[in-house]
Amino acid sequence: MQIFRSLSEIPEQFGPTVATIGNFDGVHRGHQWVIREVIERAHALNARSLAITFDPHPVRVLRPETSQPLITPLAQKLELLAATGIDATLVLPFTHDLSLTPARTFAEKILRQALNVIELHEGENFRFGYRAEAGVESLEALGLELGFRVAIYSPRILRGSAVSSSRIRQLIAAGKVGDARALLGRPFRIVNTPASGRGYGTRYTVPTINLAPYSELIPAIGVYITTLTIDGERFNAVTNVGNRPTFGEDSFTIESHLLNFHPIDLTEQTPLQLTFLHHLRDEIRWPSPEALREQIGRDVRRAQRYFNLCRLLVSQK
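Heads up: the sequence shown begins at 9 in the numbering used here, then just goes up one per residue.
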């Protein structure tokens, strides 16, 4: 997938393109559905498939006090978009100046002239232009006038309601990572680097790997069955998201105990990918480190049964 980080990087005579515009936070199953249609239409029309997204998220520029943590920061979002098979993604730097662009100017100067869009595929709630002035009816009218076809999609319904980034965000924030997985089409994951811990795990309970502070979306406080991929190698794990109340801590941490742990060399730059599979239990303040150690043993046994069952189900397919 080609990545363009501004309009100035778009080559002359680019396209023709079949495009979709969106924030694509989570690149969830609703996004994937539209993107598949974009790719199929591009193949049929001998055109290029193109996703157009923004960085930073427009809300962080226009209404920062209401902004929400992202399901997928930009680097992760681009990896997921590339995995769909789309030809190219344009990351438009979102600024106050861009937000002042009238809908007609955006359609004419950016979509038609710069990107040579011949088809645009959007959800029915899509809005664009200054103060979100234009909806899909205006978009269709501009398409007729400027020479590009518009395809509009109703929301994808799963488990009784529309698939949306906001719904997925709420599920993850509530610790319902299994439900979020169904809407994302994959497990929720965090990409980060290690942080040094306080040594409690090594001294009192079990050794853990701590994640560096993370400013985007994290699941609710609790204990989860996870996998931790360390520099490309995946390990089964149990992860605590919380404040370590047994040790009187009030600082937030994400720490993972690897099943079948063995020493691993880590630096502050070692890439980590933490994937949340199942919520085990809430975080509890135990009366002693020994009681916590016993509970971690029970957590580990439950996690091992989970992974054994997963292997069994895969082997029977």
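The beta-carbon is built from N, C-alpha and C at its ideal position, and this holds for glycine as well. The model shown is predicted, which means the values in this text are computed figures rather than measured ones.
Note on Asp307: 16 or more other CB atoms within 10 angstroms of its CB, so buried under the neighbour-count rule. Here Val171 is not near Arg177, since their CB atoms are 8 Å or more apart. The count of Cβ pairs closer than 8 Å, one atom from the stretch 181 to 201 and one from the stretch 272 to 282, reaches three, so the stretches are in contact. Minimum Cα-Cα distance from Ile238 among the listed residues Glu276, Ile229, Val231 corresponds to Glu276. In the DSSP annotation of this structure, the continuous segment of the beta strand (DSSP E) that includes Phe243 starts and ends at 241 to 250. DSSP places Asp63 in the uninterrupted beta strand (DSSP E) bounded by 56 to 63. In the structure shown, Glu130 falls within a strand segment according to DSSP collapsed to helix, strand and coil. Here the alpha carbon of Ile160 sits roughly 38 Å from the alpha carbon of Val322. The continuous alpha helix (DSSP H) containing Leu191 extends over residues 185 to 192. With the rule of 3 Cβ pairs closer than 8 Å, the stretch 124 to 134 counts as touching the stretch 12 to 31. Three or more pairs of CB atoms, one per stretch, sit closer than 8 Å, so the stretch 52 to 69 contacts the stretch 78 to 94. Distances from the CA of Leu225 to each of Gln84, Val42, Asp105, Gln312 were compared; the closest alpha carbon is that of Gln84.
For the pair Leu191 and Leu166, the CB atoms are nearer than the 8 Å cut-off.
Of the other Cβ atoms in all chains shown, fewer than 16 fall within 10 Å of the Cβ of Phe260; this residue is therefore exposed. In this structure, Asn244 sits near Leu267, with a CB-CB distance shorter than 8 Å.
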